[in-house]
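One structure is given here, and the rest of the page talks about it.
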Amino acid sequence: MEKGQITEMEKEAKIYVAGHRGMVGSAIVRALLKEGYQNIVTRTHKELNLCRQADVEDFFAQERPDYVFLAAAKVGGIMANQEALADFMYDNMTLEMNVIHEAWKCGCKKLLFLGSSCIYPRMAPQPMPESCLLTSELEKTNEAYALAKISGLKYCEFLNRQYGTDYISAMPTNLYGPNDNYHPLHSHVLPALIRRFHEAKVEGAGEVVCWGSGTPLREFLYVDDLADACLFLMNHYSGNETVNVGTGKELTIRELTELVAKVVGFTGEIKWDPTKPDGTPRKLLDVSKLAQLGWKYRVELEEGIRLSYEDFCNNPMRAER
Ligand code: GFB
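Here the sequence shown stands for residues 110 to 430, numbered as in the working numbering.
Encoded structure:
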């Protein structure tokens, strides 16, 4: 589709946000409301199990949304992925195929599919351009999730090529922010560190043990920046190739622990548990394609960690999930 043909979402359009209660989905709803979109459709998991095709078919036949943000997914950190490879593949593959397929069947104008930077090869050139997809083997710790996400972005591409749809995909780097998952074992690293340093500070513990060697490098994007990028792409991008969304900046896990300890106010010792996996050594995104389209992130890491810690402290139930 030529750039000139891209039209912005109409303010009165019906927009379905799949996964609206999660960290990404809730950020997208916040961004849509802030931009004046009022006709937003959502369903809780209890109201609509996206893994059940007949139910998804009924939902789309009934609601017929104009636009879909597919933020629903089974997500988790390195240990959650490693311990449930089959579940991560089945749940993510099933729900995304159901939503994308039924969106197409009901004539949905445009859909944005959210993937993850873990779709790129373990030893991809750094920073990783969108073109390095499927050029060598994946990181084993999250291979199942990566394969599910690659299938989703490829299904959007194939629908576009076979049926002329306008379904796009975005590949965010590691995300964090309000409404994150703080589960001690299943969460991603940044929320895990916020919770661990906070609890150590409150309990007056002298040390905190973190996973792995601390040497891997990671990039982190504040979730409200991602949501802003999703609206930007829905309104300004059409194309079969996915688009990376990140800051283009990285730091070691060790540097991250020092930053989180500083924000939380933990002053004890940081130790490392080498029996836990490091995962992929680096996965810095090449964000030049999105930059050329005209978008850049806003929230710097230290400010984002401070906002996330505020959210964690103001919502004690976050630690219960
Ligand atoms: O965020 P994380 O769990 O996943 O781990 P990935 C990042 C790094 O943080 C690893 C270290 O090197 C961990 O060893 N780490 C240190 C910790 N302490 C902790 C801790 O307490 N908890 C956790 N979770 N990590 C994920 C994929 O990979 O990236 C997901 O598994 C998704 O599927 C996500 O793609 C974006 O960054 O390694």
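Beta carbons are placed, not taken as given, at the ideal position from N, Cα and C, and that holds for glycine. Bear in mind that the values here come from a model prediction, so they are computed numbers and not experimental data.
Going by beta carbons, Ala182 and Asn201 fall inside the 8 Å limit. At a threshold of 7 Å, Ala301 counts as near ligand 1, since its beta carbon sits closer than that to one of the ligand's heavy atoms. The shortest CA-to-CA distance from Cys160 to any of Glu211, Ile115, Glu172 is the one to Glu211. Rounded to whole angstroms, the gap between the alpha carbons of Gly261 and Val311 is 43 Å. Taking 8 Å as the cut-off, the Cβ atoms of Gly403 and Pro325 do not count as close. Of the residues assessed, Pro425 falls on the exposed side of the cut-off, its CB having fewer than 16 other CB atoms within 10 angstroms. Distance from the Cα of Glu172 is smallest, within the candidate group Ala122, Phe267, Trp381, for Ala122. Judged by the Cβ position, Lys310 fails to qualify as a neighbour of ligand 1 at the 7 Å threshold, every heavy atom of the ligand being at least this far. In the DSSP assignment, Ile277 falls within the beta strand (DSSP E) that extends over 276-281. Taken in chain order, the complete beta strand (DSSP E) segments of 3 residues or longer contained in the segment 372-426 are 378-382.
Listed as beta-bridge partners of Lys219 by DSSP are Tyr176. Inclusion of Val298 in the 7 Å shell around ligand 1 follows from its C-beta lying nearer than that to a non-hydrogen atom of the ligand.
Only exposed fits Ser397, as fewer than 16 other CB atoms lie within 10 angstroms of its CB.
Membership of Ala336 in the alpha helix (DSSP H) is indicated by the continuous run 332-345.
Under the DSSP assignment, Ile124 falls in the beta strand (DSSP E) whose first and last residues are 124-127. Within the chosen limit of 7 Å, ligand 1 does not reach the beta carbon of Lys358 with any heavy atom. Out of Asp337, Leu223, Phe306, the CA that lies nearest to the CA of Phe375 is found in Phe306. Between Asp175 and Lys218, the gap from beta carbon to beta carbon is short of 8 Å. The beta carbon of Thr384 sits no closer than 7 Å to any heavy atom of ligand 1.
Contact between Ala279 and Leu220 fails: their C-beta atoms lie close to 11 Å from each other, not under 8 Å. DSSP places Glu117 outside both helix and strand once states are collapsed to three, so it counts as coil. Around the beta carbon of Glu328, a 10 Å sphere encloses 16 or more other beta carbons of the protein chains shown; the residue is thus reported as buried. Membership of Val352 in the beta strand (DSSP E) is indicated by the continuous run 352-354. Counting the other Cβ atoms within 10 Å of the Cβ of Thr153 gives fewer than 16, which makes it exposed. A straight-line Cα-Cα distance of about 23 Å links Glu350 and Cys215. The Cβ atoms of Phe178 and Ile115 lie no closer than 8 Å to each other. By the criterion of at least three beta-carbon pairs nearer than 8 Å, the segment 251-260 is not in contact with the segment 291-298. The straight-line gap separating the alpha-carbon atoms of Gln147 and Cys265 is approximately 26 Å. Ala314 is not a Cβ neighbour of Ala140, given a cutoff of 8 Å. Exclusion of the five residues before and after Glu246 leaves Pro230, Arg231 as the residues of its chain whose Cβ lies within less than 7 Å of its Cβ.
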